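Below is one structure, written out as structure tokens; the observations come after it.
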Amino acid sequence: MYLLAIHTDWEEKAREEVLEFLGQQNPTTESISRLKMVGMIINETLRLYPPFVLLQREVTKNTRLGKLKIPAGIEVIIATLAVHHSSEVWGEGAHLFKPEDLMKGSLEQQGM
């Protein structure tokens, strides 16, 4: 809500999309899945403010990740907040609210 309040252009786009696809009808699973703009806004919000800032997993078998060897039993921690705000992954302005970056093709262009 906060991001939409300060990015009123995206609030208006989401509102128009909801009215176009739902009108006065109650949402269904199918109708919600067609709300691409709303989905982009939700995903971008989760990128900027993830519910978990770290993910921790135990490696269950010897693994190779590129040139890196990771033995079984090692705890691996991924700092999702750092990845989500990385300019190496998301380009300049990675800290900004830019749902348009999540349009089809943008992630493929970034090698994701």
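Residues in the sequence shown are numbered from 879 upward in steps of one, following the working numbering.
We treat Cβ as the ideally placed atom computed from N, Cα and C, and that holds for glycine.
Being a predicted model, the structure only gives us computed values, none of them experimental.
Top-ranked residue by Cα proximity to Leu924, from Thr886, Val961 and Glu970 | For this step, residue 924 is matched to residue 46 along the sequence shown. Distance check between Leu924 and each of Thr886, Val961 and Glu970 places Val961 closest, using alpha-carbon atoms only.
At 4 residues or longer, and completely inside the segment 903–943: list those alpha helix (DSSP H) runs for me, N to C.
-> Those alpha helix (DSSP H) runs which fall completely within the segment 903–943 and span 4+ residues are 907–911 and 914–926.
Candidates Glu922, Arg893 and Gln934, of which the one nearest Gly971 by Cα | For the purposes of this step, residue 971 is identified with residue 93 of the sequence shown, where counting begins at 1. Comparing Cα-Cα distances from Gly971 to each of Glu922, Arg893 and Gln934, the minimum goes to Glu922.
Tell me whether the beta-carbon of Trp968 lies closer than 9 Å to the beta-carbon of Ile919.
-> The residue given as residue 968 occupies position 90 in the sequence shown. The residue given as residue 919 occupies position 41 in the sequence shown. In this structure, Ile919 does not lie closer than 9 Å to Trp968 by Cβ.
Check each candidate in His963, Pro929, Ser964 and Asn940 and name the one with the smallest Cα separation from Val954.
-> Counted from its first residue, the sequence shown places residue 954 at position 76. The shortest Cα separation from Val954 among His963, Pro929, Ser964 and Asn940 belongs to Asn940.
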